[in-house]
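Since the structure comes first, as structure tokens, the remarks are kept for the end.
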Amino acid sequence: MPSHGLRLLHRHATGVYLIPDRSVVVRVSRASDRSRLHTAVQVARWLADHGIAVTEPLALDQPLVDNDQAATFWTYYPQYGRPTPPAHYLGTLLRRIHALGDPPLPLPRYQPLADLAHTLKASTCLSDDDRVWLLDRRNHLLSVYEQLDLHLGEGVIHGDAYPGNTLWDGDTVRLGDWDECAIGPRELDLANTVHGGRRFGRSSEAIQAFLTAYGQNILTWPGLHTLLDLRDLHTLGAYIRRADAGDQTAAAHLTHRLSTLRSGDATASWLLD
77 MPSHGLRLLH RHATGVYLIP DRSVVVRVSR ASDRSRLHTA VQVARWLADH GIAVTEPLAL
137 DQPLVDNDQA ATFWTYYPQY GRPTPPAHYL GTLLRRIHAL GDPPLPLPRY QPLADLAHTL
197 KASTCLSDDD RVWLLDRRNH LLSVYEQLDL HLGEGVIHGD AYPGNTLWDG DTVRLGDWDE
257 CAIGPRELDL ANTVHGGRRF GRSSEAIQAF LTAYGQNILT WPGLHTLLDL RDLHTLGAYI
317 RRADAGDQTA AAHLTHRLST LRSGDATASW LLD
């Protein structure tokens with residue numbers, strides 16, 4: 077694939093680039109993530125074979141690894157300025173995915189906040205006080221998580237399912253970003269969209285439409301708040317790594333999120349101008 081002409085589409089936990097003349101999206105991650113990326117490609121192919129609308133990887137051996145980076149290659153779905161698909165499309169997709177049987181390849185068990193401890197300990201932008209507080213908070217939430225009374229069973233989960241990972245393809249909505257797919261409690265895939273109401277202004281009507289399309293209402297489930305608190309911490313990892321690399325915008329977001337977390341404000345908006 078040529079390096080010239082690449083256009084950056086998005087950079088957060090992963091760098092996402094477009095090769096315009098080939099309508100190919102390149103997702104660039106750390107080489108240490110190669111196993112996870114291979115799984116993401118295989119799961120996406122399996123789901124596509126079952127008629128699930130997912131972003132589809134190119135037909136080549138993936139990922140490609142070069143030094144400290146690994147890349148996967150995907151079909152490009154131009155959005156033409158359209159807004160993010162409504163949440164109910166995601167609810168329908170998750171209902172179909174969660175109804176499938178076991179995939180034809182082994183998947184890792186979902187481990188909440190698995191990378192966060194290393195990120196916190198390695199960070200150069202965090203104060204020692206913030207680092208200790210976040211590590212303690214992580215450990216507490218994981219302890220509570222292990223005791224949750226789960227009702228929806230376990231199976232294949234996306235792991236980072238929220239409307240921001242869906243794309244239009246004509247009138248079809250596709251679910252992408254399969255890097256965190258795993259075996260785990262299905263409630264995890266529902267909590268992230270609810271979390272959008274806590275921190276990012278998603279309306280109660282959109283959340284209810286999402287849950288109705290899925291076919292389960294977890295809003296009164298006592299364990300929901302623990303999953304929302306875990307999601308709060310999950311979102312910090314990429315901002316910490318970006319702030320460590322000198323990204324001032326990421327540092328501003330990180331400072332704001334840490335301030336609200338440490339003050340105990342569970343409903344403060346995380347939208348910044």
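Take 77 as the starting number for the sequence shown in my numbering and just add one per residue. Glycine residues also receive a C-beta, built at the ideal position from the N, C-alpha and C atoms. As the structure is a computational prediction, the values presented were derived from the model and not from experiment.
Please go through the same chain and pick out, in chain order, the residues whose beta-carbon is closer than 7 Å to the beta-carbon of residue i, but skip the five residues on each side of it.
i    : result
W209 : R338
R83  : Y93, L94, P96
A120 : V130, T131, E132, P133, W254
R275 : S345, W346
Y221 : P188, T302, L306
R172 : I128
T343 : R274
L224 : G299, T302
Helix, strand or coil, according to DSSP, for residue i in the structure here?
i    : result
T288 : helix
L166 : helix
E256 : coil
G273 : helix
E263 : helix
E281 : helix
T336 : helix
T302 : helix
Y238 : coil
W209 : helix
D341 : coil
H216 : helix
G313 : helix
L196 : helix
N293 : coil
H174 : helix
Y156 : coil
D320 : helix
D204 : helix
D225 : coil
D191 : coil
Strictly by DSSP, which residues pair up with residue i?
i    : result
R250 : L243
A327 : Its beta-bridge partners do not exist; DSSP assigns none.
T148 : R103
L84  : Y93
I233 : A258
R185 : I259
Closer than 6 Å: is that where the CB of residue i sits relative to any heavy atom of the ligand MG?
i    : result
T242 : Questions concerning the ligand MG fall outside what the structure shown contains, since it holds no ligand whatsoever.
Under 8 Å Cβ to Cβ from residue i, same chain only, skipping five residues before and after it: list those, please.
i    : result
T160 : P239, G240, T242
V104 : T90, G91, V92, Y93, Q145, A146, A147
H227 : E263, W297
C257 : T115, A116, V119, L183, V232, I233, H234, G235
L348 : A328, H329, H332
T336 : A344, W346
N143 : A107
Suppose the cutoff is 6 Å on Cβ atoms and the five residues either side in sequence are ignored; what does the same chain contact list for residue i look like?
i    : result
R278 : G272
L140 : A147
Q375 : Nothing can be reported for residue 375, as the shown portion of the chain is limited to 77 through 349.
V249 : P161, Y165, T242
Less than 7 Å between CB atoms is the rule here; does residue i satisfy it with respect to chain D?
i    : result
H216 : No chain D appears in the structure shown, which is made up of a single protein chain.
Next item on the list: Kindly provide the ranges of any beta strand (DSSP E) runs that are 3 or more residues long and lie completely inside the region 94-142, ordered along the chain.
Entry: If only uninterrupted beta strand (DSSP E) runs of at least 3 residues are considered, those enclosed by the region 94-142 are 100-106, 140-142.
Next item on the list: Tell me, please, whether the region 212-223 touches the region 238-251 by the rule of three or more beta-carbon pairs shorter than 8 Å.
Entry: No, the region 212-223 does not touch the region 238-251.
Note to self: I want to know whether the region 298-317 touches the region 184-199 - three or more CB-CB distances under 8 Å.
What the structure shows: Short answer: they touch.
Checklist line | Sufficient close CB pairs (3 or more, under 8 Å) joining the region 200-209 to the region 147-157 | finding: Below 8 Å, too few C-beta pairs join the region 200-209 and the region 147-157 to call them touching: fewer than three.
Margin query: Can you confirm whether the region 283-300 touches the region 178-189 when touching is taken to mean that 3 or more C-beta pairs between the two stretches lie within less than 8 Å?
Written below: They do not touch, by the three-pair rule.
Notebook entry, point to check: Is there contact here, the region 268-286 with the region 163-176, by at least three beta-carbon pairs under 8 Å?
Noted result: With a cut-off of 8 Å, the region 163-176 and the region 268-286 count as touching, because enough Cβ pairs lie within range.
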